[in-house]
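Notes follow once the structure below has been shown.
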Amino acid sequence: LKLLVLWRSDEDPQQRLEMVKAFNTLCHDNGLLSIIEPVVRPPRRGAAFDREQAIIDAAKELGDSGAELYKVEMPLFGKGTQHELLTASQKLNENIAMPWVILSSGVDDKLFPRAVSVAMQAGASGFLAGRAVWSSVIGLPDTELMRRDISVPKLQRLGEIVDEMMARR
307 LKLLVLWRSD
317 EDPQQRLEMV
327 KAFNTLCHDN
337 GLLSIIEPVV
347 RPPRRGAAFD
357 REQAIIDAAK
367 ELGDSGAELY
377 KVEMPLFGKG
387 TQHELLTASQ
397 KLNENIAMPW
407 VILSSGVDDK
417 LFPRAVSVAM
427 QAGASGFLAG
437 RAVWSSVIGL
447 PDTELMRRDI
457 SVPKLQRLGE
467 IVDEMMARR
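Read in order, the letters of the sequence shown correspond to residues 307 to 475 in our numbering.
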């Protein structure tokens, strides 16, 4: 079961942590795996917002909260040099004490395969993706054909990347 956590720096971290721990307990008591997905948002009070730092701060706060999986936003939206992405992903790995995967939200679907590869170099276990796989076919005339010819190969390629990266470990 997944818990989406809207993470804002100006909201009570203790309340967030208690919510996540209660969710984890509920999952564990019912034989379910718990997935937490902190998604960072600007402060409500209009303070400055540094998305990249917020992603790290959320990981510091919730990365050892007892879930089975941490689903994290890709740093830099998957843009930047290999070194920049790797450094940012390594910071995540240093602060998340459970298996973690990147999500595709906000990452251009053409950049997502590289993002998966780089995140896995840093320690990620893989990805959980929706938009990166199917968004480019929505609204096209023959959605079923497009899913088969476009979305399925994208998903297969992402799976191959995960297999390749896991084989290197």
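Backbone N, C-alpha and C fix where the C-beta goes; we use that ideal spot for every residue, glycine too.
Going by C-alpha distance, which of L451, L375, P381 is nearest D356?
-> P381
Mind checking whether F383 and G412 have CB atoms under 8 Å apart?
-> In this structure, G412 lies closer than 8 Å to F383 by Cβ.
Rounded straight-line distance, which links the Cα of A365 to that of N399 | 9 Å
Have a look at Q462 and G386 and give me their C-alpha separation to the nearest angstrom.
-> Going by C-alpha positions, Q462 is about 25 Å away from G386.
Looking at the unbroken beta strand (DSSP E) that takes in L309, where does it start and where does it end?
-> 308-313
List the residues that DSSP assigns as beta-bridge partners of F476.
-> Only positions 307 to 475 of the chain appear in this structure, which leaves residue 476 out of reach.
Determine the burial state of P344: buried for a count of at least 16 other Cβ atoms within 10 Å of its Cβ, exposed for fewer.
-> buried
Sufficient close CB pairs (3 or more, under 8 Å) joining the stretch 392-408 to the stretch 444-463 = no
Would you mind working out which of H334, E317, A435 sits nearest D414, comparing C-alpha positions?
-> A435
Unbroken beta strand (DSSP E) run spanning G432, endpoints | 432-434
For the putative contact between V468 and V422, defined by C-beta atoms under 8 Å, what is the C-beta separation to the nearest angstrom?
-> 7 Å
Cross-strand partners of I408 (DSSP beta bridge) = V378, F433
Give the range of the alpha helix (DSSP H) segment to which E466 is assigned.
-> 458-473
Within 10 angstroms of its Cβ, does I273 collect 16 or more other Cβ (buried), or is it exposed?
-> The first residue shown for the chain is 307 and the last is 475, placing residue 273 beyond what the model contains.
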